[in-house]
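Remarks on the structure that follows.
Residue numbers (our numbering), protein chains in the order written: chain A, 72 to 759; chain B, 72 to 759.
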């Protein structure tokens, strides 16, 4: 599945993509090229209509399908909500959720939805501010300029969110202004047994039969939001070869990393991730098998870990392909030579620090030394423990708030403090068993990676074992209470220390080391890489022009493609699956057991109805829930996965193999009518 | 730790090692070179004395230290025995084991001990038989010739074991004849909390404080075996720089693989192993945390998996070092060119199949396709489930025994049938929880790696989930009863089918596919590689002479080196740890919690006593328990681990970093005297 959570742990920014592929911004979509290639007449109005109905969700995407805020997305994007509602006895994870009327729609804790309403180019202002800056100052200046731009555009208006998006790693900056909905309610999601039919075994595979769709609704002042910009639902399936468009928020691609960056990922970053995710997965699976309560509690975490594991495993495989590395080296050499031959670029490229590729390579050497400590103490600290995260954010906010604004670390703005306060107040259930499991795992891995004799490990553990320490922290903390969290967030560091809360005390005792690890990483890795990537981006623009799509940034993009299967070796995969295949694949055992509703509907459903299909659209994690559109701009599916080759798309798009997997609106329509009897929903979608 | 179990899953044979390193056979030990380098006067009598007292154990090594069969080895080598005896209430895993008198020594189920008594060169006979053979016939001919040689030398005499050892991958063959002891009893092993002090976090690390030694005794006709060949115990610790010798059975090195073989390991074999071992480790850890009974039951399996995980992780890191790959390529190119320039070699090297490097590279392409199926259905089938292994060996023996001897598959000799009968009769306790865990894991991974649509996966699972199938098989089988196993072993295939045992039925239903996967692998990978490696070995002998140590084969080797720390980057590691360090490192939490005996003895123990030390000896998994000898041939320690750099020794030995980790006889002597009060043992060792 392609939720953005799939890409945890990889935090390299990257450089623009090549012309034949691309997740395009709406501002730079190559209309003329696409119209010519597919014989279409798309225009700016088409783009505007789609943009106005595209939605960014937590790690996912979606689209508005009615004037009353109805949003289509994937079931796996609302799985955390379904789990939270189940724990509050407002839903049931076994049976899914279907609101019979508006007043039965239930708010998803912490769910937000962003609709892009304005875009402004701020490149000149950002590059002017960054000119001649270096190291820590460079990162500070970029941050402060961003904050100023956002403050001017959004002020303190909670209905809007502002973001300065860095495209091409310093090549272009834009201010994105979103209308943000903070009350998003669950309308409909099928039984998880059918929405994630095939489970992990089928994830990133095709043929595919998971009914991975759901509906949310945007609310405003406790009423359904008015959304005059919305898309039309078509229940007609596309034909093989028909052009398709996917509008959504791909989170991250790394197609323009230098070879030195790719090799560090291959040799260090990804192997560590693969090993840790596999072990955590084993723990979660074993825990889930101890009972149905445990299985339910761990479901969301397990799905996330299994998905991430497949992703990082596929990424490592991609980078172990020496042909890919050679191709990247060749691209790099070509650009280096072209830049060296251009007199206008020579000064910019070879300043006192050395050329940017050398600077990045040197930073990778530093990264190899610093990464284990940076990762374990800071980037992956707590390893998914919510209580630890609460404690850390409370401690840091308390410390930064005590400083004059101009001395605060980047990111600690008043807007951030307000956002944290909102988040801590959300009453999300805490799973104590999982908290212990995650903390134990994190502490064990930290000791393993840094070794027993490392002073940071000694400071973290003292005389305790990872298991005993995790137990003590989880048992003693009061951070499971939202009121207590909010109260603590308002405290000074001294007041926090006086609470005697063990999790707070643990974070306070170790946070200096964690912040030091971050600072070292920023100075030795992030700052030089940021600057060097900007130089490379400028050289690439100068040499190749700007007709390239930027790497993904979890902002709105549009990709074009067509419905098509693929051939690999002796295996040819047809582009469509049909309802008959779902029933053929069903067994008595999860994750291939159908819910009663589908067993009962077997005679009613048309076995020939297209279920899922694959397209050549270039998408990435974060695109989950994106509408798939036909040339008329009608929604004909929702993208919910890539095929296994799409994982390599992090580094390179291969049109022969890389596929988007979509659920057809045809099967959604039939399911709503014949399985779930959701007449009011069909009516809202303009269907009988 | 360096038990041979550490290298599961890697089954590539390899080519000879370089002159400056080496695990030498006693027949080819470079006496003159070593005497010159260290200023010594070792002679053949010295070698004979050591050889006669060296012992090969199950996956480990040891040495005879008294005329009455007393054997020194590592505590981790007897951990499975301690666990088995605990389950029979003859010992206690918490407190270790100390027999107060001979009649309290307890037989370790399934433990054997081999002492090498004769070596004969059989190269001419083997190469003559293999001449002009190819493919499946080549493997058959080599096997039948080996069987004939073994039969002539050992006959049916159960007191002896014969083995034809292939050195240099076809360069030299030798018949090794061992005196085999089948009644090996536990004499002494410390509390596991101190023998594996530091546990997994300290494994393959140094400084080190695990008291990893134990004593076994060889029995003959229910009496202690007479062992006139034995080594002298010295309680004096070596000095820094003093020469040291390690005699033991390293299981496997891969130093002469071609670059194509190394890259397949890097790209496919090792990543699959790393992922699977990490996940299995997570499962075992989580299971262990559910209770002390569970922790005890899983202890041996967990230690094995954690050790293997560190090994394969380290091996993958070694192969991700492009410098190592480049060095291997350069060696390969040099030999190829030298061979091509030698008119005497041209015909041998470039026969109708192409040159051997090309043949091996082609076989790797085949291996990439075949490996997932071969691994999951055959090589790693059952993933550690004892019940599955019993069923498979029973089914296969039954099928092969029904054929005329000349039509049986390689390996299915009368001697093998007898060995199987002995093994199945051993009453080893079955852990049902772990059986289910392992089978579930194996079935899940098979479905994941081969995908849901694979016909073999469909055949294995039918309509069941991995969990439900594993549960049904473990619950229904009667293979936990040794009498039933022995009875089944005597049955015909029809009789077996009629038992209705679900595990037997499951294996019978799927074994054809597994055997097919093996046959495909043998034909497409093993046979061509075997032949090509023999060609390369002959070329290497012709070009460089035979002054090289062969790759490890789990047969007796002698390595030389000296006591020395190492420096890596800014970190210098001293060669010795001392008793004071053990007490400094102790905490209240496992694996750093000392047993009561050591807490009580604190005032008695000399804090300056050398505990462990590191040497430059080149060793590998299987060397665990090997005696460390001084130049006088006295035992001054037992090798129990390598440092983290020793893992890369699978592919290349680096004298600057690669270290053996040994426990000093000084601390063993003091512990026996002051902590454990084993006066009779000290007396048998010639100590007061």
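All C-beta atoms, glycine included, are put in the ideal place defined by N, C-alpha and C. Being a predicted model, the structure only gives us computed values, none of them experimental.
- B:733 is the residue among B:733, B:351 and B:230 whose C-alpha sits nearest the C-alpha of residue 698 of chain B.
- The three-state secondary structure of residue 105 of chain A, taken from DSSP, is helix.
- Excluding the 5 residues flanking it on each side, residue 111 of chain B has same chain C-beta neighbours closer than 6 Å at 702, in chain order.
- By the C-beta density criterion, residue 488 of chain B is exposed, having fewer than 16 other C-beta atoms within 10 angstroms.
- In the structure shown, residue 287 of chain B adopts extended strand secondary structure according to DSSP, grouped into three states.
- Between the C-alpha atoms of residue 183 of chain B and residue 221 of chain B there is a straight-line separation of about 19 Å.
- By the beta-carbon neighbour count (other beta carbons within 10 angstroms, threshold 16), residue 176 of chain A is buried.
- The count of Cβ pairs closer than 8 Å, one atom from the region 702-714 of chain B and one from the region 735-743 of chain B, reaches three, so the stretches are in contact.
- Judged by DSSP in its simplified three-state form, residue 457 of chain B adopts helix.
- Under the Cβ distance rule, residue 346 of chain A counts among the residues neighbouring chain B, one pair being separated by less than 8 Å.
- Contact between the region 100-114 of chain A and the region 653-667 of chain A is not established, with fewer than three Cβ pairs separated by less than 8 Å.
- Of all C-beta pairs linking the region 509-520 of chain B to the region 466-480 of chain B, fewer than three are shorter than 8 Å, placing the two stretches out of contact.
- Annotation: the continuous beta strand (DSSP E) that includes residue 632 of chain B extends over 628-633.
- The region 117-133 of chain B and the region 296-310 of chain B touch, with three or more beta-carbon pairs separated by less than 8 Å.
- In the DSSP annotation of this structure, residue 252 of chain B is not part of any alpha helix (DSSP H); the continuous beta strand (DSSP E) holding it starts and ends at 243-252.
- Measuring C-alpha to C-alpha distances from residue 587 of chain B to each of B:135, B:255 and B:446 identifies B:446 as the nearest.
- Rounded to whole angstroms, the gap between the alpha carbons of residue 469 of chain B and residue 580 of chain B is 14 Å.
- When C-alpha distances from residue 535 of chain B are compared across B:577, B:568 and B:611, the shortest belongs to B:577.
- Burial state of residue 597 of chain A is buried, judged by a 10 Å Cβ sphere holding 16 or more other Cβ atoms.
- Counting of Cβ neighbours within 10 angstroms places residue 336 of chain A among the buried residues, the total reaching 16 or more.
- At a cut-off of 8 Å between beta-carbon atoms, residue 276 of chain B makes contact with chain A.
- In this structure, B:216 is the residue among B:186, B:216, B:209 and B:203 with its C-alpha nearest to the C-alpha of residue 194 of chain B.
- Taking C-beta atoms under 8 Å as the contact rule, residue 348 of chain A and residue 396 of chain A fail to qualify, at a distance of about 23 Å.
- Interface annotation, residue 536 of chain A: in contact with chain B, CB-CB separation under 8 Å.
- Looking at the DSSP output, residue 168 of chain B sits in a beta bridge with B:260.
- Bridge pairing for residue 647 of chain B: B:684 [DSSP].
- Using a Cβ-Cβ cut-off of 8 Å, residue 636 of chain A does not count as an interface residue toward chain B, since no Cβ of chain B sits closer than that to its own.
- Per DSSP, residue 132 of chain B is not a residue of any alpha helix (DSSP H); the beta strand (DSSP E) it occupies stretches across 132-135.
- It is roughly 31 Å from the alpha-carbon of residue 413 of chain A to the alpha-carbon of residue 725 of chain A.
- Here residue 639 of chain A carries a strand assignment [DSSP, helix/strand/coil].
- Following the DSSP letters along the chain, one finds residue 325 of chain A in no alpha helix (DSSP H), marked with neither H nor E.
- Among the residues of the region 355-366 of chain B, those with a Cβ less than 9 Å away from any Cβ of chain A are 355, 356, 357, 358, 360 and 361, in the order of the chain.
- Annotated as distal: residue 704 of chain A and residue 690 of chain A, with beta-carbon spacing of 8 Å or more.
- Looking at A:209, A:171, A:620 and A:719, the one whose alpha-carbon comes closest to that of residue 599 of chain A is A:209.
- Listed along chain A is no residue with a C-beta nearer than 8 Å to that of residue 649 of chain B; the closest approach is about 15 Å.
- The Cβ atoms of residue 173 of chain A and residue 261 of chain A do not sit closer than 8 Å to each other.
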